[in-house]
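Residue numbering for the sequence shown follows numbering that gives the first Met the number 0, beginning at 0 and increasing consecutively.
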Amino acid sequence: MHVGNLSSDNSIKPIDQAHILRSEMLDAFANLESVVIKLLAKSEKPLADQKAPLGQRIEALKNLTLNPAPTKKYSATLTKICTELLPYLSIRSDVVHANLVFCEFDGVEAAKFCNTVDLAGPYPRVRLLTFTEFKAINKKVKQFTSQLQSILNPPTTQPKQKSDEVSAI
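Encoded structure:
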């Protein structure tokens, strides 16, 4: 099995691989949060409290107005990213606020999480993430981060010269 930069070395126990994947997820969300905070800092007026949870900050991004605007459609793009990102926050919450328990079902290795807020009820909800799902979520969070980063620091483009101007030179 291959996890992150790890090889299929049998010396790495599945529980340790699960913890590595969890750590990679936490890092991915931390990188995302830093870009969200940097974007919110560019607002002319405060859109979220400095101690607001990540979900509130992402909701606040939908109201971000940048001057000058990096692109004509950045606001719609930002809203789309934030809307697509919000469901991943419940996964993040479960992974952050629960003990990781390694389990295997039908030969598939997975990590089981029961968020502490769900422990009080008679039938607590449990989130089960296979190693493949961990990797897919981490990849998606990194894509969101990259998209937000491109709004934060849009690529600089130079105006193209007309072919007549080029031939005259």
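Yeah, the Cβ is synthetic: ideal placement off N, Cα and C, and Gly gets one too.
Cβ-based neighbour list, Ile-57, same chain, cut-off 8 Å, excluding 5 preceding and 5 following: Val-35, Cys-81, Leu-84, Leu-85, Leu-88
Burial state of Phe-104, where buried means 16 or more other Cβ atoms lie within 10 Å: exposed
Chain-order list of residues whose beta-carbon lies under 6 Å from that of Ala-27 (same chain, five-residue window excluded): Asn-137, Val-140, Lys-141
Other residues of its chain near Val-107: CB distance less than 7 Å, five sequence neighbours each side excluded: Thr-129
Exposed unless 16 or more other CB atoms sit within 10 angstroms - verdict on Asn-4: Residue placement at Asn-4 is flagged as unreliable, the pLDDT there being 49, under the threshold of 50; the coordinate-derived value follows with that caveat. Exposed, because fewer than 16 other Cβ atoms sit within 10 Å of the Cβ of Asn-4.
Selection from Lys-79, Tyr-122, Leu-53, Leu-65 that minimises the alpha carbon distance to Val-95: Leu-53
Backbone CA spacing between Lys-61 and Ser-10 [nearest angstrom]: 46 Å
Helix, strand or coil at Lys-111 according to DSSP, with G and I counted as helix: strand
Status (buried if at least 16 other CB within 10 Å, exposed otherwise) for Arg-91: buried
CB contact flag (Ala-99, Arg-21, <8 Å): Sequence inspection shows Leu at residue 99; the Ala mentioned does not correspond to that position. The answer is yes: Cβ separation under 8 Å.
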